[in-house]
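Take a look at the structure set out below.
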Amino acid sequence: MKILVVDDEMDIVEELCSFLTRRGHQVIGAGSVDQACAALDGTTGFDVVVTDMRMPPRSGVEVVSACSRLAAPPAVLLMTGQATASDVTAAMSAGARSVIWKPLSLRNIVEALAAVAQPAAASAAT
Numbered sequence: 002m003k004i005l006v007v008d009d010e011m012d013i014v015e016e017l018c019s020f021l022t023r024r025g026h027q028v029i030g031a032g033s034v035d036q037a038c039a040a041l042d043g044t045t046g047f048d049v050v051v052t053d054m055r056m057p058p059r060s061g062v063e064v065v066s067a068c069s070r071l072a073a074p075p076a077v078l079l080m081t082g083q084a085t086a087s088d089v090t091a092a093m094s095a096g097a098r099s100v101i102w103k104p105l106s107l108r109n110i111v112e113a114l115a116a117v118a119q120p121a122a123a124s125a126a127t
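Residue numbers (the working numbering): 2 to 127.
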């Protein structure tokens, strides 16, 4: 899968990019909403975007919204450790597929990616 990882904590971006690359994915990292939007505009065909919710001064919901405007929107997985119920509702309404709670577990990332890949594989078989 082609994955965009977005978080303002660069150690998280680097760790996830390294982990996902070792698992065979093509991964690009972004450290802000602006960098994520530039990657979405400049790179075609992301399958998945994994984005943090809170990246002051902006929000991961803006990344979700940017993804939903693409001709072929990627699945969006939202990472958060501080979101309120209304934050999660707003992200899901904007198009986020699921929420991965921090502190991150690499197992939870793998499971969330497998859930995204499963419907894609089923539709490709039909």
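For every residue, glycine included, the Cβ atom is placed at its ideal position computed from N, Cα and C. All figures in this text were calculated on a predicted structure; none of them were measured in a lab.
query: Whether or not the stretch 73 to 84 and the stretch 43 to 52 are in contact is what I'm after, with contact meaning three or more pairs of Cβ atoms, one per stretch, closer than 8 Å; do they touch?; result: yes
query: Would you call Val111 buried or exposed, if buried means 16 or more other Cβ atoms sit within 10 Å of its Cβ?; result: exposed
query: Between which two residues does the alpha helix (DSSP H) carrying Asp9 extend?; result: Taken as a continuous stretch (DSSP letters only), Asp9 belongs to no alpha helix (DSSP H), as it is neither H nor E.
query: Among Gly46, Ala86, Ser94, Val117, which has the Cα closest to the Cα of Trp102?; result: Ala86
query: With H, G and I counted as helix, E and B as strand and the rest as coil, what does DSSP make of Ala73?; result: coil
query: Comparing alpha-carbon positions, which option in Lys3, His26, Asp8 lies nearest Gly61?; result: Asp8
query: CA-CA distance, Lys108 and Thr45?; result: The identity of residue 108 in the sequence shown is Arg, whereas the question assumes Lys. Approximately 27 Å between the Cα atoms of the pair.
query: Near Ile13, what residues of its chain come up, given a Cβ to Cβ distance below 6 Å and the 5 sequence neighbours on each side ignored?; result: none
query: Which same chain residues end up closer than 6 Å to Thr127 when comparing Cβ atoms and leaving out the 5 residues on each side of it in sequence?; result: Only weak support is given to the placement of Thr127: the predicted model assigns it a pLDDT of 49, under 50, and the value that follows is read from those uncertain coordinates. Closer than 6 Å at Cβ, skipping near neighbours: no residue.
query: Would you mind working out which of Thr90, Leu105, Pro104 sits nearest Arg98, comparing C-alpha positions?; result: Thr90
query: Is DSSP giving Gly43 helix, strand or coil here?; result: helix
query: Out of curiosity, what's the CA-to-CA distance linking Gly133 and Phe20?; result: Residue coverage of the chain in this structure runs from 2 to 127, which leaves residue 133 outside it and unanswerable.
query: Can you check which of these residues, Gly43, Met93, Ser69, is closest to Leu79 by C-alpha distance?; result: Met93
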